[in-house]
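**Student:** Following this message is one structure expressed as structure tokens.
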Ligand SMILES: Nc1ncnc2c1ncn2[C@@H]1O[C@H](COP(=O)(O)OP(=O)(O)OP(=O)(O)O)[C@@H](O)[C@H]1O
Ligand SMILES: [Mg+2]
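Residue numbers (our numbering), protein chains in the order written: chain F, -7 to 388; chain W, 100 to 414.
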């Protein structure tokens, strides 16, 4: 079995000298991680507030109170703007909507006169709709407080003979506002946690997806070296030198596992530190998954190279196999967004279980016990595929 | 007793319709000799080498190498042989030295012994200066030499070389042929295949001529040449109409064989050169052609091949 080690060493040396190897093992996976990460909507805690541009032409205490009220709404992110800039800011969708508080707003409010605010939006924008509802809510709360204060002040004045002046109105308003702040009927909003669909978007999905995808495409590499070596008489030469098929396959497997493991490790570290994916809830479980994935890709590569002879057939078979395993296994898009039926069928493929295990690690903090089932299923595949490969392998 | 014995060997690819690559071939190779298989493309030379390397199983017959059966004792056989395949079976991304180190390890060598042996082999194949260059930077001839070197690392008792000089410059060919003679002088028994008659003639102790899977003659060179009989070869060059004349000369009395003309050159095999030559000049004149060159020589293996098969060796 010493020869297997030497064959592996030779393969790794060849790979290190292959200028294309770096492109396929690292560069493309990273590009895909970034690209898909930005493409797939993320459910992360990132800033999801809707920006609302506000122009305060009034500048009174009343207008400031309204602004403060709006600022308290969690959905909204207020941005001060100017009358000149607000239209284009809305049109260019730099903000979801705009609100202009006109000059005389405070005076009119104090005098109880009706006053019109200007709300600017792009009609088709759903964000603007949400903003409008939030603003309307704030205004009606403020209207309700004013109304309540006026009614109360009038009542006090009528019963006590105290004149209905600004002082009385103001103190009634402040009592009404403080009561509204703690209403009789309240709704408590509980954060029920993010749905799994939302959570496996963004880099959570693209980092693991790109990793699985590009390791699977590595089976192309194993396959093409076997085909090349067979065509150029190297396998025959090894056999004439007394090297056994099991040693040839063993050496290639060792090399492939080492190379794809190093590739995975780089991508995992990149995902962890550059894209904020949490890979290290259980390093041991992660290790099992990574090695299983490497072996899985190798086994498929060797199977194809053992069963098929012609170069074209081998190239076609490797591309189709890698594509099917990666795409249907959920490396390109999360299987949670597909129908339950599709997801069930996809779980015939070992790659779907690998993705499950990775998501378990990155999203749910799985440990070794949790990955036993998915990785067990993957190992059934590995053993089956590798056995057929060894059985069918011929050097010449 | 012969060191390599081949008896009634037969191999058909993709039966029942495929080509019969080797058809009832028998021969023996003596310890310490250079034995050549000479034959055109498709004669079955590589197939025989593959069977003797335990890479292919014969359909019928038996072969023994150093007393071991190639089918039943392949491990023992593989330990005795060094095989230089027809194609260059090496790793382009590795240097000449790294290739030799790798193949040495495959033969079970390692440590200082391996390094020492690789140094020796590099010296023999004349690549000490270029040993750290990657193979992809080597010329065809240099690769051919590494291809041979990789088969010598484990000091094999038998060395098989399958057309080791194909497609290389005369200088590299010279050094390969000299190398083979040296290894042989050092005690290695050589099985050599070629479709170059001159090579077979130069290096072989004995030659087997093969055609279309069959062995048509075996023996030392002078034995083979005697198969043609007591004949003389007349080499000629014509300024024109060589094809027409070759056709006519085949019908002349006293002519046993006429070769296919090549660039106006051809040869005629006869048992009476003296009486034939004036008639050749006459018929050239009637065809308005001039004989620009003429000389007499002994027959060679090419003539043996033509005599036995009715076809030229290189077609
Ligand atoms: N793997 C194979 N499958 C099918 N036919 C084969 C195979 N290898 C060789 N043949 C056929 O067997 C015959 C003998 O081939 P072989 O390679 O032994 O000839 P050769 O004497 O080595 O020729 P060359 O000088 O071209 O190398 C040829 O007709 C060839 O087409
Ligand atoms: Mg050949």
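In this text, a Cβ means the ideal position worked out from N, Cα and C, and glycines have one as well.
Under a criterion of Cβ closer than 7 Å to any non-hydrogen atom of ligand 2, which residues qualify, in chain order?
**Tutor:** Cβ-based neighbours of ligand 2 within the cut-off: W:144, W:145, W:185, W:261, W:262 and W:292.
**Student:** Decide if the region 298 to 312 of chain W is in contact with the region 115 to 122 of chain W; the criterion is three or more beta carbon pairs, one per stretch, under 8 Å apart.
**Tutor:** Touching, yes.
**Student:** Under a CB-based cut-off of 7 Å, is residue 302 (chain W) close to chain F?
**Tutor:** For the purposes of this step, residue 302 (chain W) is taken as the residue at position 203 of the second chain. So, not an interface residue.
**Student:** Residue range of the alpha helix (DSSP H) that residue 227 (chain W) falls in?
**Tutor:** For the purposes of this step, residue 227 (chain W) is taken as residue 128 along the second chain, with counting starting at 1. Unbroken run through residue 227 (chain W): none, as it is neither H nor E.
**Student:** For residue 336 (chain W), verify whether its CB is less than 6 Å away from any heavy atom of ligand 1.
**Tutor:** What you label residue 336 (chain W) is simply residue 237 of the second chain in a count that begins at 1. No, Cβ of residue 336 (chain W) sits at least 6 Å from all heavy atoms of ligand 1.
**Student:** Going by DSSP, what residue range makes up the alpha helix (DSSP H) through residue 185 (chain W)?
**Tutor:** Taking the second chain and counting its residues from 1, the one referred to as residue 185 (chain W) is at position 86. It is not in any alpha helix (DSSP H) - residue 185 (chain W) carries neither H nor E in the DSSP assignment.
**Student:** Can you find the residues in the same chain that come closer than 7 Å, C-beta to C-beta, to residue 154 (chain F), ignoring five residues on each side of it along the sequence?
**Tutor:** Numbered from 1 along the first chain, position 162 holds the residue referred to as residue 154 (chain F). Contacts found: 148 and 160.
**Student:** For a cutoff of 7 Å on Cβ pairs, would you count residue 234 (chain F) as touching chain W?
**Tutor:** The sequence position of residue 234 (chain F) within the first chain is 242, counting from 1. Taking Cβ atoms only, chain W reaches closer than 7 Å to residue 234 (chain F), which makes this a yes.
**Student:** Going by DSSP, which residues form a beta bridge with residue 328 (chain F)?
**Tutor:** Walking along the first chain from the start, residue 328 (chain F) turns up at place 336. Partner(s): none; residue 328 (chain F) has no beta bridge.
**Student:** Throw me the rounded Cβ distance for the residue 156 (chain W) and residue 146 (chain W) pair, which I believe falls under 8 Å.
**Tutor:** Reading the second chain from its first residue, position 57 is the one you call residue 156 (chain W). Reading the second chain from its first residue, position 47 is the one you call residue 146 (chain W). No, residue 156 (chain W) and residue 146 (chain W) are not in contact; Cβ-Cβ is about 11 Å, not under 8 Å.
**Student:** Should residue 275 (chain F) be labelled buried (16 or more other beta-carbon atoms within 10 Å of its own) or exposed?
**Tutor:** As a working note, residue 275 (chain F) is residue 283 in the first chain. Residue 275 (chain F) is exposed by the Cβ-count criterion.
**Student:** Return the CA-CA distance between residue 103 (chain W) and residue 195 (chain W), expressed in angstroms with no decimal places.
**Tutor:** Within the second chain, numbered from 1, the residue matching residue 103 (chain W) stands at position 4. Within the second chain, numbered from 1, the residue matching residue 195 (chain W) stands at position 96. When rounded, the distance between both Cα atoms is 31 Å.
**Student:** Quick one: what's got a C-beta closer than 8 Å to residue 400 (chain W)'s C-beta in the same chain, skipping five residues either side?
**Tutor:** Here residue 400 (chain W) refers to the residue found at position 301 of the second chain. Closer than 8 Å at Cβ, skipping near neighbours: 137, 296, 299, 300, 306, 308, 320, 323, 324 and 412.
**Student:** Can you tell me whether residue 349 (chain W) is buried or exposed, with buried defined as 16 or more other CB within 10 angstroms of its CB?
**Tutor:** Along the second chain, one-based indexing puts residue 349 (chain W) at 250. So residue 349 (chain W) counts as exposed.
**Student:** Taking 7 Å as the CB-CB cut-off, is residue 188 (chain W) touching chain F?
**Tutor:** Here the question's residue 188 (chain W) lines up with position 89 in the second chain. Closer than 7 Å to some Cβ of chain F, the Cβ of residue 188 (chain W) qualifies, so yes.
**Student:** Between residue 126 (chain W) and chain F, is there a C-beta pair that is closer than 7 Å?
**Tutor:** Along the second chain, one-based indexing puts residue 126 (chain W) at 27. No, because no Cβ of chain F sits closer than 7 Å to the Cβ of residue 126 (chain W).
**Student:** Using 6 Å as the cut-off, classify the Cβ of residue 118 (chain W) as near or not near the heavy atoms of ligand 1, replying yes or no.
**Tutor:** In the second chain, the residue the question calls residue 118 (chain W) occupies position 19. Answer for residue 118 (chain W): yes, Cβ within range of ligand 1.
**Student:** Hey, residue 247 (chain W) and residue 264 (chain W): beta-carbon distance below 7 Å or not?
**Tutor:** Taking the second chain and counting its residues from 1, the one referred to as residue 247 (chain W) is at position 148. Taking the second chain and counting its residues from 1, the one referred to as residue 264 (chain W) is at position 165. No, these two residues do not count as a Cβ contact at 7 Å.
**Student:** Determine the burial state of residue 154 (chain W): buried for a count of at least 16 other Cβ atoms within 10 Å of its Cβ, exposed for fewer.
**Tutor:** Taking the first residue of the second chain as position 1, residue 154 (chain W) is located at position 55. By the 10 Å Cβ count, residue 154 (chain W) comes out buried.
**Student:** Beta-carbon separation of residue 290 (chain W) and residue 134 (chain W) under 7 Å?
**Tutor:** Working through the second chain from its first residue, we reach residue 290 (chain W) at position 191. Working through the second chain from its first residue, we reach residue 134 (chain W) at position 35. Against a cut-off of 7 Å, the Cβ pair of residue 134 (chain W) and residue 290 (chain W) comes out as a contact.
**Student:** Applying the criterion that 16 or more other CB atoms from any shown protein chain within 10 Å of the CB defines a buried residue, is residue 171 (chain F) buried or exposed?
**Tutor:** Start at 1 with the first residue of the first chain, and residue 171 (chain F) comes out as number 179. Looking at its Cβ environment, which holds fewer than 16 other Cβ atoms inside 10 Å, residue 171 (chain F) is exposed.
**Student:** Take every Cβ of the region 212 to 229 of chain W, pair it with every Cβ of the region 160 to 178 of chain W, and state whether three or more of those distances are shorter than 8 Å.
**Tutor:** Counting Cβ pairs under 8 Å, fewer than three are found: no touch.
**Student:** Give the residues from the region 165 to 180 of chain W that approach chain F closer than 8 Å (Cβ to any Cβ), ordered along the chain.
**Tutor:** Taking 8 Å as the Cβ-Cβ cut-off against chain F, the residues of the region 165 to 180 of chain W that qualify are 174, 177, 178 and 180.
**Student:** Tell me which residue opens and which closes the alpha helix (DSSP H) that residue 213 (chain F) is part of.
**Tutor:** Numbered from 1 along the first chain, position 221 holds the residue referred to as residue 213 (chain F). Segment 194 to 223, the alpha helix (DSSP H) holding residue 213 (chain F).
**Student:** Mapping DSSP to helix, strand and coil, what is residue 168 (chain W)?
**Tutor:** As a first step, residue 168 (chain W) must be located in the second chain, where it is residue number 69. Note: residue 168 (chain W) maps to strand in three-state DSSP.
**Student:** Tell me which residues share the same chain as residue 388 (chain F) and place their Cβ nearer than 6 Å to its Cβ, disregarding the 5 neighbours each side in the sequence.
**Tutor:** Here residue 388 (chain F) refers to the residue found at position 396 of the first chain. If we look at residue 388 (chain F) and ignore the five residues flanking it on each side, its Cβ neighbours are 228.
**Student:** Do you know how far the Cα of residue 334 (chain W) is from the Cα of residue 351 (chain W)?
**Tutor:** Indexing the second chain from 1 puts residue 351 (chain W) at position 252. Indexing the second chain from 1 puts residue 334 (chain W) at position 235. Computed Cα separation, rounded: 16 Å.
**Student:** Measure how close the beta-carbons of residue 89 (chain F) and residue 44 (chain F) come, nearest whole angstrom, since I'm counting them as under 8 Å.
**Tutor:** Looking up residue 89 (chain F) in the first chain gives position 97. Looking up residue 44 (chain F) in the first chain gives position 52. Going by Cβ atoms, the distance from residue 89 (chain F) to residue 44 (chain F) rounds to 6 Å, so yes, they are a contact pair.
**Student:** From F:94, F:270 and F:59, pick the residue whose C-alpha is nearest to that of residue 75 (chain F); which is it?
**Tutor:** Reading the first chain from its first residue, position 83 is the one you call residue 75 (chain F). Of F:94, F:270 and F:59, the residue nearest in Cα terms is F:94.
**Student:** Taking the beta strand (DSSP E) that residue 355 (chain W) falls in, what are its first and last residues?
**Tutor:** If you number the second chain from 1, residue 355 (chain W) lands on position 256. That run of the beta strand (DSSP E) goes 354 to 357.
**Student:** What did DSSP end up calling residue 65 (chain F) once you bin it into helix, strand or coil?
**Tutor:** For the purposes of this step, residue 65 (chain F) is taken as residue 73 along the first chain, with counting starting at 1. Residue 65 (chain F) falls in the coil class under three-state DSSP.
**Student:** Using the rule of at least 16 other Cβ atoms within 10 Å of the residue's Cβ for burial, across every protein chain shown, is residue 369 (chain F) buried or exposed?
**Tutor:** Looking up residue 369 (chain F) in the first chain gives position 377. By the 10 Å Cβ count, residue 369 (chain F) comes out buried.
**Student:** By the criterion of Cβ-Cβ separation under 9 Å, what are the contact partners of residue 156 (chain W) in chain B?
**Tutor:** The structure shown contains no chain B; its protein chains are F and W.
**Student:** Under 6 Å: does the beta carbon of residue 112 (chain W) sit that close to some heavy atom of ligand 1?
**Tutor:** Here residue 112 (chain W) corresponds to residue number 13 of the second chain, with the count starting at 1. Yes, the Cβ of residue 112 (chain W) comes within 6 Å of a heavy atom of ligand 1.
**Student:** Using a Cβ cut-off of 7 Å, which residues of the region -6 to 5 of chain F contact any Cβ in chain W, in chain order?
**Tutor:** Here the close residues are -5, -2, 2 and 5.
**Student:** Which residues in the same chain have their Cβ closer than 7 Å to the Cβ of residue 200 (chain W), if we skip the five residues on either side of it in sequence?
**Tutor:** Along the second chain, one-based indexing puts residue 200 (chain W) at 101. Here the set comprises 213 and 217.
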